[in-house]
Each structure stands twice: as C-alpha cells, then as structure tokens.
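Visitor: This note's numbering applies: residue 87 is where the sequence shown begins, and numbers increase by one.
Here a beta-carbon is modelled for each residue, glycine too, at the ideal position from N, C-alpha and C.
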Amino acid sequence: MSLRFLNIILFLVVIDSIYSVDQDYLNKYKHHTVYQVFTETDKDVEFLSVIEKKIGTNFDYWNEANNMNKWTHLMLKSEFKTLFEDIMKSLNLNFSVLIENVGNLIENQLILNSKTNMVSNDFDYGKYHTLDEISKWMNDTQAAYPKFVSVFNVSRSYEGRTINVLKISVPSSSKKPAIWFDGGIHAREWISPATVIYMAHMFLSNYSIDPDVTKILDSFDLYVLPVFNPDGYEYTWNKDRLWRKTRSKTKIPGCYGADPNRNWDAHFCEKGASRDPCSDTFCGMSPFSEIEIKGVADFILKNNDSIVSYLNFHSYSQLWMTPWGYTTNKPKDFEIQVNRFLTLKEKKVIRLHHQDNGSAAAVNALIKLYGTRYQHGNIASTIYVASGSSVDWTYDTAKILYSYAVELRDQGQYGFMLPPDQIIPSGLETFEAMKALSFYILKQLK
Numbered sequence: 087m088s089l090r091f092l093n094i095i096l097f098l099v100v101i102d103s104i105y106s107v108d109q110d111y112l113n114k115y116k117h118h119t120v121y122q123v124f125t126e127t128d129k130d131v132e133f134l135s136v137i138e139k140k141i142g143t144n145f146d147y148w149n150e151a152n153n154m155n156k157w158t159h160l161m162l163k164s165e166f167k168t169l170f171e172d173i174m175k176s177l178n179l180n181f182s183v184l185i186e187n188v189g190n191l192i193e194n195q196l197i198l199n200s201k202t203n204m205v206s207n208d209f210d211y212g213k214y215h216t217l218d219e220i221s222k223w224m225n226d227t228q229a230a231y232p233k234f235v236s237v238f239n240v241s242r243s244y245e246g247r248t249i250n251v252l253k254i255s256v257p258s259s260s261k262k263p264a265i266w267f268d269g270g271i272h273a274r275e276w277i278s279p280a281t282v283i284y285m286a287h288m289f290l291s292n293y294s295i296d297p298d299v300t301k302i303l304d305s306f307d308l309y310v311l312p313v314f315n316p317d318g319y320e321y322t323w324n325k326d327r328l329w330r331k332t333r334s335k336t337k338i339p340g341c342y343g344a345d346p347n348r349n350w351d352a353h354f355c356e357k358g359a360s361r362d363p364c365s366d367t368f369c370g371m372s373p374f375s376e377i378e379i380k381g382v383a384d385f386i387l388k389n390n391d392s393i394v395s396y397l398n399f400h401s402y403s404q405l406w407m408t409p410w411g412y413t414t415n416k417p418k419d420f421e422i423q424v425n426r427f428l429t430l431k432e433k434k435v436i437r438l439h440h441q442d443n444g445s446a447a448a449v450n451a452l453i454k455l456y457g458t459r460y461q462h463g464n465i466a467s468t469i470y471v472a473s474g475s476s477v478d479w480t481y482d483t484a485k486i487l488y489s490y491a492v493e494l495r496d497q498g499q500y501g502f503m504l505p506p507d508q509i510i511p512s513g514l515e516t517f518e519a520m521k522a523l524s525f526y527i528l529k530q531l532k
C-alpha cells in the first residue's frame with residue numbers, strides 16, 4: 087500500500103469521524119466568544135457581576151480574576167456580544183477577545199484527536215479517549231501488570247456507570263502509605279483524565295528502570311481515578327463539549343447536575359457556590375447529594391490512615407494549590423510548610439509569599455522540562471473562593487495533610503480545548519512534579 091493511498095484513507099477516516107458526530111453537538115458553540123476582561127479593582131469585579139445578572143446563565147465564567155492574575159475569562163453567546171462590548175466600552179473596562187469562535191476550536195480539537203495513531207490498536211497516550219476506551223485501558227493495564235495493579239469499583243454514578251480506581255501496589259512486607267490522584271471531576275476538563283492516565287503509565291513503565299520511580303513505588307501505593315464524573319464526561323463526548331457538572335436531576339425541569347467540586351461537606355454552599363440548580367456552580371441539594379462524591383469520600387475516609395496525599399486535577403490556569411478554598415485564611419500547616427527545604431537556586435526560580443514546601447517542590451519540577459510556569463498558594467487566594475471542594479474536605483475531615491488542587495495547562499489560549507499534542511508534554515511535566523512531591527512527602531514521613 088503506497089503512502090499516498092494510506093494518507094487518503096486516513097483523511098477519509100478523519101472526515102467520517104467528524105461528520106458522524108451529532109451536528110447539534112458541533113454547532114452548539116458556533117460563534118460563542120471567550121473574552122478576557124482586566125478586573126483590576128473591586129469595582130471592576132462588581133461591574134462584571136452586574137452585567138452577569140443582566141445576561142444571566144448565558145454568561146459563563148471560564149476563569150476568574152484573583153490576587154495573582156487580574157484577567158477574568160468568560161464566554162458569551164453570539165447574540166450578547168454587541169451588548170457586552172458596548173457595556174464594556176461605556177465603563178472603560180479593558181477587554182479583548184481571547185477565543186473568537188469556541189465552536190471552531192471544539193471542531194479543531196476533534197479533528198486533531200481523530201488524526202492521532204489511527205493505524206495502531208495500542209492505547210494512544212497522545213489522544214483524548216472516550217469513557218469506554220479508558221475503562222478498557224484500566225482493564226488492559228491490570229492484565230499487563232497483574233502483580234502490581236488492581237482495578238476496583240469505588241462508587242457508581244447517577245446514571246449507573248461504575249467509577250473505577252486503578253491501584254498500583256508493588257508487593258511489600260509492610261503496609262505502605264498511599265497517594266491518591268484523580269481527574270475529570272469537572273467533565274469538560276479533558277486534559278485532566280489524559281494527564282492522570284499518562285502519569286500512571288509512566289510510573290508503571292519506569293518501575294525497575296528509573297531509580298526515582300522505583301523508590302517511589304517501593305515506598306507508596308498509588309490510587310488513580312481517571313474519570314471522577316463519568317456521566318458528565320460521557321455527555322461532553324456526545325451532547326455538550328463544555329458540560330461541567332454531574333447529570334443528576336434537580337427540582338427545576340431542564341436543569342441537570344451539581345458541581346461535584348462544590349458538593350463536599352466542607353463549608354457546604356457558602357461563598358463561591360450557588361443554590362441555583364441551573365448554575366454551573368450549583369452545590370447540590372445537600373452535602374454528598376451526588377452519589378459519585380459520596381462513594382469516593384467514604385472510601386477515602388475509610389482509608390485515611392494510609393492515604394497521606396490527595397491530588398485533584400483540573401484545567402486550566404497552571405496552578406498548584408493548597409487548602410483552603412472557602413476562605414483566604416491559611417491553615418496552620420500552610421505556615422508550617424513555608425520555604426524550608428528549597429535551595430537558594432530553587433528560590434530564585436519562584437518567589438511567592440508563603441511558599442508551601444510540597445507545592446514549591448512540584449512547581450519547581452514542572453518548569454524544568456518545557457519552561458511551563460505554575461503559580462502556587464492556597465485556593466481562595468490563588469484562583470477564587472470556592473466552598474465545598476474535595477481538597478478542603480480531605481484536609482479538614484480526612485486529615486490528609488498533603489492535599490492539593492491542581493489546574494493544568496494552559497492559561498487561556500485554548501482553555502478547555504487543549505490540543506492533543508499537548509497531552510504528553512502535560513503528562514511528562516506533571517509526572518516530574520509528582521515525583522518531586524512524592525520525595526518531599528517521603529522525606530517528611532521519615
């Protein structure tokens with residue numbers, strides 16, 4: 087078979103795969119625009135809040151201004167663009183278009199994803215995968231590493247899907263501490279499951295080859311949950327690429343799901359969460375009303391004597407954050423972990439007020455491969471106030487000291503539609519961060 091003929095076949099496969107997708111799915115965000123607004127003062131933020139109330143649920147925050155980054159990213163439907171821009175100009179607010187056409191970006195991501203590794207039947211780590219493909223990968227990984235890997239069901243979703251965890255446990259004569267990391271709690275953040283999967287692959291494939299990996303797996307068990315919110319994730323592949331929440335029914339017809347990272351029993355539904363079922367930050371009817379969250383929380387609490395670190399991966403913004411989300415106050419452990427272990431050279435890489443040791447170790451490792459710069463600090467000060475989050479609950483209730491929320495690539499150029507060619511770089515740099523964090527924790531446990 088000639089190379090030209092093969093390329094024609096591959097091109098036809100790509101075209102067929104794109105046009106087999108529901109056209110409503112592709113057209114939903116045609117002509118939606120993402121703006122960045124410079125919100126330097128509290129008054130600027132207040133102006134945006136007033137505009138949001140006028141426009142309603144058609145005003146979708148992608149990223150909010152904070153102490154470190156004064157740019158707010160928000161998406162609007164095409165019919166509100168003129169109104170929004172006129173208001174911005176009348177208020178003399180600094181704004182610009184970040185993404186002109188969200189629908190085109192979604193379609194381009196799907197096209198690029200369809201082009202990757204179409205010839206091989208092997209799992210392609212440089213590609214975004216469906217829920218079924220991820221489930222198959224978990225089972226195949228267990229079969230490939232029967233002495234190290236087990237897969238177990240930790241919970242079920244509202245629509246009845248199993249929520250499976252992959253456990254990596256090198257045989258040991260004694261019980262080991264464990265590190266938990268998960269992705270996909272917010273459905274549209276596709277890079278988080280992809281990165282979590284790639285890190286698990288790197289740990290397994292480098293055991294007995296890389297001395298650092300070998301030391302880590304000889305010292306820790308790893309719990310890996312690639313897709314925390316399977317109903318929402320499945321929905322992003324078939325119905326709405328930018329769906330964020332679970333898919334449970336609410337008291338308002340047509341409004342589905344709760345924000346699974348506002349549903350934990352940690353200052354439930356206070357600041358940064360909504361009681362409106364139609365809101366993307368709807369906290370749910372009660373703490374742990376979402377079955378997905380309840381099952382995982384029960385498992386973590388039951389095993390909190392061994393789980394020493396919890397990491398909840400999101401996108402986007404490039405942030406490595408510690409508790410708390412519900413208040414800008416910092417827990418006592420944040421102050422305890424300030425800047426003690428960094429070398430002088432590392433201190434020159436990143437200078438931030440109140441450097442947390444674990445976060446700083448991770449962030450300094452992240453920058454080394456591709457120069458990707460992350461900021462770090464506590465959630466409420468670094469990104470925004472958010473109550474009812476997993477990290478606050480694992481720290482406050484499960485007493486897991488090294489609890490982190492991580493926002494992966496990028497800083498807004500692609501947002502939630504990060505191209506697949508960035509999956510492996512994201513996975514590699516985050517893997518380096520995980521190794522650095524693991525060694526830091528190991529040092530503290532001795």
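#1: The beta strand (DSSP E) with A491 in it runs from where to where?
#2: How far does the beta strand (DSSP E) with I254 in it reach, from first residue to last?
#3: Count the other CB atoms within 10 Å of the CB of F238; is the residue buried (16 or more) or exposed (fewer)?
#4: Among S403, F124, S467 and V131, whose alpha-carbon lies nearest the alpha-carbon of W410?
#5: Among K335, L504, Y488 and L487, whose alpha-carbon lies nearest the alpha-carbon of L494?
#6: What's the C-alpha gap between R333 and D317?
#7: Please report the Cβ distance between L455 and E518, rounded to the nearest whole angstrom; I am assuming they are in contact, meaning their Cβ atoms lie under 8 Å.
#8: What's the gap between the Cα of F166 and the Cα of S401?
#9: From S524 to T119, what does the alpha carbon distance come to, in whole angstroms?
#10: So, are the CB atoms of V123 and L179 less than 8 Å apart?
#11: Taking I486 as the reference, which of D351, N389, W406 and R459 has the closest Cα?
#12: Helix, strand or coil: how does DSSP classify L463 here?
#13: Compare the C-alpha of S255 against each of W266, E245 and L303 and name the closest.
#14: For T248, does the count of other Cβ atoms within 10 angstroms reach 16, so buried, or fall short, so exposed?
#15: Terminal residues of the continuous alpha helix (DSSP H) containing D110?
#16: Can you give me the C-alpha to C-alpha distance between G501 and L191, rounded to a whole angstrom?
#17: Label Q404 either buried or exposed according to how many other C-beta atoms from any shown protein chain fall within 10 Å of its C-beta, with 16 as the threshold for buried.
#18: Could you give the first and the last residue of the continuous beta strand (DSSP E) run that contains A264?
#19: Specify the secondary structure class of I453 as computed by DSSP and reduced to three states.
#20: Fully enclosed by the region 117-188, which beta strand (DSSP E) runs are 3 residues long or longer?
#21: For D307, count neighbouring C-beta atoms within 10 Å of its own C-beta (all shown protein chains included) and say buried if the count is 16 or more, exposed if not.
#22: Is H272 helix, strand or coil when you go by DSSP?
#23: What three-state label does DSSP hand L523 in the structure shown?
#24: Looking at the strands, I want to know which residues DSSP matches up with I393.
Guide: Walking through what the data contain:
#1: Looking up residue 491 in the sequence shown gives position 405. Unbroken beta strand (DSSP E) run through A491: Y488 to L494.
#2: Start at 1 with the first residue of the sequence shown, and residue 254 comes out as number 168. For I254, the enclosing beta strand (DSSP E) covers residues T248 to I254.
#3: Within the sequence shown, numbered from 1, the residue matching residue 238 stands at position 152. Exposed, because fewer than 16 other Cβ atoms sit within 10 Å of the Cβ of F238.
#4: Stepping through the sequence shown from its first residue, residue 410 is reached at position 324. That would be S467, whose Cα lies nearest to the Cα of W410.
#5: Within the sequence shown, the letter at position 408 stands for residue 494. When C-alpha distances from L494 are compared across K335, L504, Y488 and L487, the shortest belongs to L504.
#6: As a working mapping, residue 333 is identified with position 247 in the sequence shown. As a working mapping, residue 317 is identified with position 231 in the sequence shown. Rounded to the nearest angstrom, the two C-alpha atoms are 6 Å apart.
#7: For the purposes of this step, residue 455 is identified with residue 369 of the sequence shown, where counting begins at 1. For the purposes of this step, residue 518 is identified with residue 432 of the sequence shown, where counting begins at 1. At roughly 6 Å, the Cβ-Cβ gap stays under 8 Å, so L455 and E518 are in contact.
#8: For the purposes of this step, residue 166 is identified with residue 80 of the sequence shown, where counting begins at 1. For the purposes of this step, residue 401 is identified with residue 315 of the sequence shown, where counting begins at 1. Near 26 Å, if we compare the C-alpha coordinates of S401 and F166.
#9: The residue you call residue 524 lines up with position 438 of the sequence shown. The residue you call residue 119 lines up with position 33 of the sequence shown. Going from the Cα of S524 to the Cα of T119 covers about 40 Å.
#10: Residue 123 sits at position 37 when you count from the first residue of the sequence shown. Residue 179 sits at position 93 when you count from the first residue of the sequence shown. Yes.
#11: For the purposes of this step, residue 486 is taken as residue 400 along the sequence shown, with counting starting at 1. Out of D351, N389, W406 and R459, N389 has the C-alpha closest to the C-alpha of I486.
#12: As a working mapping, residue 463 is identified with position 377 in the sequence shown. It is worth fixing the name first, because residue 463 is Gly in this sequence and not Leu. It is a strand residue.
#13: On the sequence shown, residue 255 is found 169 positions in, with the first residue counted as 1. Checking every option, the nearest Cα to that of S255 belongs to L303.
#14: Locating residue 248 in the sequence shown gives position 162, counting from the first residue. Burial call: exposed.
#15: Here residue 110 refers to the residue found at position 24 when the sequence shown is read from its first residue. Q109 to N113 is the extent of the alpha helix (DSSP H) around D110.
#16: Against the sequence shown, residue 501 aligns to sequence position 415. Against the sequence shown, residue 191 aligns to sequence position 105. Rounded to whole angstroms, G501 to L191 spans 10 Å at the Cα level.
#17: Taking the first residue of the sequence shown as position 1, residue 404 is located at position 318. Buried, because 16 or more other Cβ atoms sit within 10 Å of the Cβ of Q404.
#18: Taking the sequence shown and counting its residues from 1, the one referred to as residue 264 is at position 178. Where A264 is concerned, the enclosing beta strand (DSSP E) stretches over A264 to D268.
#19: Translated into positions along the sequence shown, residue 453 becomes position 367. In the structure shown, I453 sits in a helix (DSSP, three-state: H, G or I).
#20: 119-124, 145-149, 157-162 and 181-185
#21: Here the question's residue 307 lines up with position 221 in the sequence shown. Taking a 10 Å sphere around the C-beta of D307, we find 16 or more other C-beta atoms and assign the residue as buried.
#22: For the purposes of this step, residue 272 is identified with residue 186 of the sequence shown, where counting begins at 1. Here H272 sits in coil by DSSP.
#23: Against the sequence shown, residue 523 aligns to sequence position 437. In this structure, L523 counts as helix in the three-state DSSP scheme.
#24: Counted from its first residue, the sequence shown places residue 393 at position 307. Under DSSP, I393 forms a beta bridge with A264.
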